[in-house]
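Have a look at the structure below before the remarks.
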Amino acid sequence: MAGDSGCCPTEEDGAESDQQQPLVLQRVEKQAGRSCQTVARHRLKKLCSCSSEKLKSKALDFFPILRWMPRYKLRDWLLGDAMSGLIVGILLVPQSIAYSLLASQDPIYGLYTSFFSSIIYALLGTSRHISVGIFGVLCLLVGQVVDRELALAGYLPEGSGIGSNGSVLLLAGQGNGSVGLECDRSCYAITVGATLTFTAGIYQVLMGIFQVGFVSVFLSDSLLSGFATGASLTILTSQVKYLLGLKIPRPQGWFTLCKTWFSIFTCLGNTNFCDLVTSLVCLLLLIPTKELNDRFKAKLKAPIPFELFVVIIATLASHFGHFNTEYGSSVAGDIPTGFLPPQLPLWSLIPNVAVDAFSIAIVGFAITVSLSEMFAKKHGYTVDANQEMFAIGFCNILPSFFRCFTTSAALTKTLVKESTGCQTQVSGLVSALVLLLVLLVIAPLFYSLQKCVLAVIIVVNLRGALRKFTDIPRMWRSNRVDASIWLVTMATSSLVNTELGLLVGVLVSAFCVLGRTQQVQVLELGQASSREHYEDLSSYRGLHTHPGVAVFRYEAPIYYANQSLFKKSLYNRVGLDPVKEKARRLKFIKQQKKKKSKQEEAANVKSEKQDEAEGTVTLMLDEESRKNLRSIVIDCSAILFLDTAGVNALKEVRKDYEELGVRVVLAQCNTSVLDTLETGGYYPDTGGDDGGQKKRIFFTIADAVRSVQSLSAPNGDCDTRC
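For the sequence shown, numbering that gives the first Met the number 0 gives the first residue as 0, with consecutive numbering after it.
Encoded structure:
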C-alpha cells in the first residue's frame, strides 16, 4: 500500500504535472487547393478584364513620367536638373564617340545611342538619378560579337592592308525587304550591333512581362564587381593598340587578353610615334585633372569637363598639324549630321547572337537595377525592378532601329548627375538636347579627332574599376568567400572569356552557398543553469547536460547534397554509430556460430540467444561510455527545409538508433518542416492526439527532454499500476 500511495499522484502532483505537459498547438487547417484550370481561368479573367481605372493605372505604371511630371516643382528642381543635364550631356559627347570605338562602331552611333536612351529612360524609368547610356563593359561585349560576326562573314580585319570593304558580301535583305544590296564592313558591323541590341532588348522585355526581375538577386555585389574589373582589364588591353597606333585585329575566342598582348609585343616596332606622343600628352593631362575633380568634388558645384577640353584641343592640333596625312595617325573620320532612316534588324542573324544577347541582357539589367536601388535607398524612394526591366529593354529595342547599340546605367555618369543637383529625369531630357545639338550641327567638326585620344578617354575612365585591386586585402579580411568569388570572376572574365566570367561567377557563387551547407557540423547543446534555454556546449560556459539524454542541433537544411554528411556528423558527435554497432554485433554472432559443430543443431537456438545477450552487453559498454545514453533530442529550429532525402535521413537515424534501444525525438520544427515530415511519412504513428509524443515532435527542447526522461525513468509505469 505504501508503495502504491507513493506512486499515485496527489492533487498537488497533478497540478505540477499539468504545468509540465508538453506544449500542444493546433494547426490551422489549410484551404483546399484550387485546380490548375480554376487558377488559370481566374488569372486570365483578371488579366483580360478592362475598366477605365485599370487602363489609367496601367498607363501610369508603364509611363512613370505621367505620375511625377504633374507634381514637378518647377522653382525647386528645374535649375538643378538643367545644370545636371547640361554637364552630363557635355561629358557624354567625348565618351559616346570614344566608346563607339570599343563597340567596333563608327562614332556617330555612340551619339545616337546616348541620345535615344536618355529620352526613353526618362519616359519609362522609375529611378530619378541614374544616367542610362553607353557603358564600357557592354560596349566590350558588343564589340566582341561584332568582330566575331565580321570574321565569320568574311570581312577582313581593320589594318589588314586592304580596304575595309575589300571583301564585300551580298546580304540577302538588310531587314527592310531589300535584296542584293552591297554592304561594306562598317555597314555590316552596325547591322550586327543593332540586331544584337534588339535581341537583348526583347529578352529584357520578356523578363519584365513574366516578372522575373528577381534574377538580379543571383548576381551578388562581389560577382558584379569582379566581372566589371575583369572586363576593365580586357578593355584596357583592347585600347593599347590605339594608344600605340598599331594595326592589329582583335583576337577571337578565349584568352583574348593574352593573345592581344602577344600581338602588341610582336608588333611593337610598328608603333606610330605621333599616336604615342599624343597618347602620353593626353594621359598626362587627363589623369591629374580627373584626380583633382574627384578630390574637390565636394567643393565644386560641377566637375570640370576636362575630357571635352582635351578633345577640342586634340582635334584642332590634329586638323592643323595634318596628323592623318603627314604621320599616318588614325582619326575618327566622317561623322554625318542628322538621323538615318529607321531600319529593321537582320532577322537571319538573330540565331547567331541569341546566346550573347542573353548574357548582355542580364548584365545590363543587373547593373541598372543595382544602381537604381542604390540611389533610391540613398534618397528615400523606391524603384520597381520589373518596370526597370521594361525601361532598359525598350532603351535597347527602339534605338536598335536607328542603328544604336546596347545600353545600361553607368556609375560614373550617374555619380556626376547626382552630385550636380539632379532631382528627376528631366536632366536626362536636357542631356538629350545637348546631344541633339551635336548630332545636328557639331558632329562633323570631330573629323580629325585621333582614335588614340578616344582610347585615352576610355582608359582614364577605367580608374575606378582598376582601383578595386587595392581593396583585395580588405575584402579578404572582411569575407573570404566573397573575396574568392571576386577573384575567380575577375580572373575568368579577363584571362579566359568575358561572357564565361559571368557564368563562372554565378556557378562559383552557387557552389559557395552549397559548400557552406557541406561544412556544417552537428552541435551538442547544454541547458543554461537559470532557465530552459539550450546553446552550444563548445561556445558557452556554465551549461549542463541531462543524464541519459543528449541534445543536438544541425544549423543547415537537410537535403540530397548533405544528408549523408548530416548522419555522419551526428554519429560522430553522439559517439555511437548504430550502423557500425549493428555490423559488429552481426559479425560477433557469425563468429560464434562458426565455433559450433554441425552436430549441435538442436542447441543452436539456445546458443543464438546467448550470442544476442553477449551483443547486448557489448552495446551496454558503449552506453556506459556515453553516460548511459537512452534518448537523443534533435533541435530542428535551424533546419529551414527538408527534401525527400532529408526526411529519409531522419527516418534512418531514428530507426537505426531505436534498434539499439536509443529513442530519437525532434523539437522546434518550423511548419514547412512539419509538413514535409507529414507528407514524407516520417511519423511512425499518427493516430490519436498526444501532443506530438507519438509523433515524437515537440515545440520546445525542454518539453522533449522532460518527455524522454519520464519515458526512460525506472518507475515510469506507475500510472498503469495506479
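Backbone N, C-alpha and C fix where the C-beta goes; we use that ideal spot for every residue, glycine too.
Practice item. Whole angstroms is fine: what's the gap from residue 666's alpha carbon to residue 648's? Key: As a first step, residue 666 is located in the sequence shown; it is residue number 667 there, counting from the start. As a first step, residue 648 is located in the sequence shown; it is residue number 649 there, counting from the start. Cα to Cα, the separation comes out at about 16 angstroms.
Review point. So, is residue 543 buried or exposed, given that buried needs 16 or more other C-beta atoms within 10 angstroms?
Key: Taking the sequence shown and counting its residues from 1, the one referred to as residue 543 is at position 544. With fewer than 16 Cβ atoms within 10 Å of its Cβ, residue 543 is classed as exposed.
Review point. DSSP puts residue 501 in a beta bridge; with which residues?
Key: Along the sequence shown, read from residue 1 onward, the residue named residue 501 stands at position 502. DSSP, once it has assigned bridges, lists no residue as partnering residue 501.
Practice item. Report yes or no: do the segment 632 to 648 and the segment 545 to 561 share at least 3 C-beta pairs separated by less than 8 angstroms? Key: With the cut-off at 8 angstroms, the segment 632 to 648 and the segment 545 to 561 touch.
Point to revise | Straight-line gap, residue 490 to residue 71 (C-alpha atoms, nearest Å) | key: One-based indexing of the sequence shown puts residue 490 at position 491. One-based indexing of the sequence shown puts residue 71 at position 72. So the two alpha carbons sit approximately 47 angstroms from each other.
Check your understanding: When you compare each of 116, 41, 25 to residue 733 by their alpha carbons, which one comes out closest?
Key -> The first residue shown for the chain is 0 and the last is 721, placing residue 733 beyond what the model contains.
**Study point:** Selection from 277, 253, 20, 248 that minimises the alpha carbon distance to residue 263
**Key:** Position 264 of the sequence shown, counting from 1, holds the residue named residue 263. The candidate whose alpha carbon is nearest that of residue 263 is 248.
Exercise for review: Compare the C-alpha of residue 522 against each of 514, 513, 534, 516 and name the closest.
Suggested key: Within the sequence shown, numbered from 1, the residue matching residue 522 stands at position 523. Of the listed residues, the one whose Cα sits closest to residue 522 is 534.
Review point. Leaving out five residues before and five after residue 388 in sequence, what residues of the same chain have Cβ atoms less than 7 angstroms from its Cβ?
Key: Reading the sequence shown from its first residue, position 389 is the one you call residue 388. Closer than 7 angstroms at the Cβ level, and outside the excluded window around residue 388, lie 203, 206, 207, 212, 364.
Point to revise | Distance between residue 220 and residue 63 (C-alpha atoms, nearest Å) | key: Position 64 of the sequence shown, counting from 1, holds the residue named residue 63. Position 221 of the sequence shown, counting from 1, holds the residue named residue 220. Rounded to whole angstroms, residue 63 to residue 220 spans 27 angstroms at the Cα level.
Check your understanding: What are the partner residues of residue 634, as DSSP defines its beta bridges?
Key -> The residue given as residue 634 occupies position 635 in the sequence shown. According to DSSP, which records beta bridges pairwise, residue 634 is partnered with 552, 666.
Exercise for review: Could you pull out every unbroken alpha helix (DSSP H) segment of at least 4 residues lying fully inside the segment 22 to 102, listed in chain order?
Suggested key: Segments of the alpha helix (DSSP H) lying fully in the segment 22 to 102: 35 to 47, 51 to 61, 64 to 67, 73 to 101.
Practice item. Return the CA-CA distance between residue 106 and residue 414, expressed in angstroms with no decimal places. Key: Within the sequence shown, the letter at position 107 stands for residue 106. Within the sequence shown, the letter at position 415 stands for residue 414. Separation of residue 106 and residue 414 (C-alpha to C-alpha, rounded to the nearest whole angstrom) is 24 angstroms.
Check your understanding: Thinking just about the alpha-carbon of each residue, which of 458, 492, 446, 586 is nearest to the one in residue 225?
Key -> In the sequence shown, the residue the question calls residue 225 occupies position 226. Ranking 458, 492, 446, 586 by Cα distance to residue 225 puts 492 first.
Check your understanding: Quick one: what's got a C-beta closer than 7 angstroms to residue 194's C-beta in the same chain, skipping five residues either side?
Key -> For the purposes of this step, residue 194 is identified with residue 195 of the sequence shown, where counting begins at 1. The beta carbon of residue 194 is closer than 7 angstroms to those of 344, 345, 348, 349, 352 in its chain, skipping five residues each way along the sequence.
Check your understanding: Just how far apart, CA to CA, sit residue 565 and residue 515?
Key -> On the sequence shown, position 566 is the one that residue 565 refers to. On the sequence shown, position 516 is the one that residue 515 refers to. C-alpha separation (whole angstroms): 13 angstroms.
Review point. If you count every other CB in all the chains shown that lies within 10 Å of the CB of residue 50, and 16 or more means buried, which is it?
Key: Counting from 1 along the sequence shown, the entry for residue 50 is found at position 51. Flag for residue 50 reads exposed.
Practice item. Could you pull out every residue in the same chain whose Cβ sits closer than 6 angstroms to the Cβ of residue 703, ignoring the five residues on either side in sequence? Key: Along the sequence shown, read from residue 1 onward, the residue named residue 703 stands at position 704. These residues qualify, in order along the chain: 632, 664, 666, 697.
Check your understanding: Does DSSP put residue 290 in a helix, in a strand, or in coil?
Key -> Translated into positions along the sequence shown, residue 290 becomes position 291. Helix at residue 290.
**Study point:** Close Cβ partners of residue 79 (< 7 angstroms) along its chain, the five nearest in sequence each way excluded
**Key:** For this step, residue 79 is matched to residue 80 along the sequence shown. So the list reads 420, 421, 422, once near-sequence residues are dropped.
Practice item. Count the other C-beta atoms from every protein chain shown that fall within 10 angstroms of the C-beta of residue 192, then say buried if there are 16 or more, exposed otherwise. Key: Locating residue 192 in the sequence shown gives position 193, counting from the first residue. Residue burial annotation: residue 192 is buried, with at least 16 other C-beta atoms found within 10 angstroms of its C-beta.
Exercise for review: Name the residue from 661, 401, 255, 710 whose alpha carbon lies nearest to the alpha carbon of residue 627.
Suggested key: For this step, residue 627 is matched to residue 628 along the sequence shown. Distance check between residue 627 and each of 661, 401, 255, 710 places 661 closest, using alpha-carbon atoms only.
**Study point:** Whole-Å CB distance - residue 289 paired with residue 305, under 8 angstroms assumed
**Key:** Here residue 289 corresponds to residue number 290 of the sequence shown, with the count starting at 1. Here residue 305 corresponds to residue number 306 of the sequence shown, with the count starting at 1. Approximately 7 angstroms separates the beta-carbon atoms of residue 289 and residue 305; this is inside 8 angstroms, confirming the contact.
Exercise for review: Mark residue 75 as exposed unless 16 or more other C-beta atoms lie within 10 angstroms of its C-beta, in which case mark it buried.
Suggested key: Against the sequence shown, residue 75 aligns to sequence position 76. Exposed is the call here.
Exercise for review: Go ahead and label residue 701 buried or exposed: buried means 16 or more other beta carbons lie within 10 angstroms of its beta carbon, across all protein chains shown.
Suggested key: The count along the sequence shown starts at 1 and reaches residue 701 at position 702. Counting the other CB atoms within 10 Å of its CB gives residue 701 a total of 16 or more, which places it among the buried residues.
Exercise for review: With DSSP as the reference, please indicate the residues paired to residue 696 in a beta bridge.
Suggested key: For the purposes of this step, residue 696 is identified with residue 697 of the sequence shown, where counting begins at 1. According to DSSP, which records beta bridges pairwise, residue 696 is partnered with 665.
**Study point:** Secondary structure of residue 131, DSSP reduced to three states
**Key:** By one-based count along the sequence shown, residue 131 stands at place 132. The three-state reading of DSSP puts residue 131 in strand, counting E and B together.
Check your understanding: Are the segment 448 to 461 and the segment 232 to 239 in contact at 8 angstroms, needing three or more beta carbon pairs?
Key -> These segments touch.
Check your understanding: Distance, Cα to Cα, residue 497 vs residue 140?
Key -> As a working mapping, residue 497 is identified with position 498 in the sequence shown. As a working mapping, residue 140 is identified with position 141 in the sequence shown. A straight-line Cα-Cα distance of about 7 angstroms links residue 497 and residue 140.
**Study point:** Nearest to residue 527 (by Cα), restricted to the options 545, 196, 471
**Key:** Mapped onto the sequence shown, residue 527 falls at position 528. Here the closest residue by C-alpha is 545.
Check your understanding: Looking at the unbroken beta strand (DSSP E) that takes in residue 525, where does it start and where does it end?
Key -> Your numbering for residue 525 matches position 526 in the sequence shown. According to the DSSP assignment, residue 525 belongs to the beta strand (DSSP E) that extends over 522 to 526.
Review point. Which same chain residues, not among the five before or five after residue 475, have their C-beta less than 7 angstroms away from its C-beta?
Key: Taking the sequence shown and counting its residues from 1, one reaches residue 475 at position 476. Contacts found: 482.
Point to revise | beta strand (DSSP E) runs contained entirely in the segment 266 to 320, provided each spans 3 or more residues | key: The qualifying runs do not exist here; there are none.
Point to revise | residue 177, DSSP secondary structure in three states | key: Locating residue 177 in the sequence shown gives position 178, counting from the first residue. A caution first: residue 177 carries a pLDDT of 39, below 50, which makes its placement in the model too unreliable to give a value.
Review point. Thinking just about the alpha-carbon of each residue, which of 450, 36, 341 is nearest to the one in residue 323?
Key: For this step, residue 323 is matched to residue 324 along the sequence shown. When C-alpha distances from residue 323 are compared across 450, 36, 341, the shortest belongs to 450.
Point to revise | Coarse secondary structure for residue 657, derived from DSSP in three states | key: Within the sequence shown, numbered from 1, the residue matching residue 657 stands at position 658. Three-state DSSP puts residue 657 in a helix.
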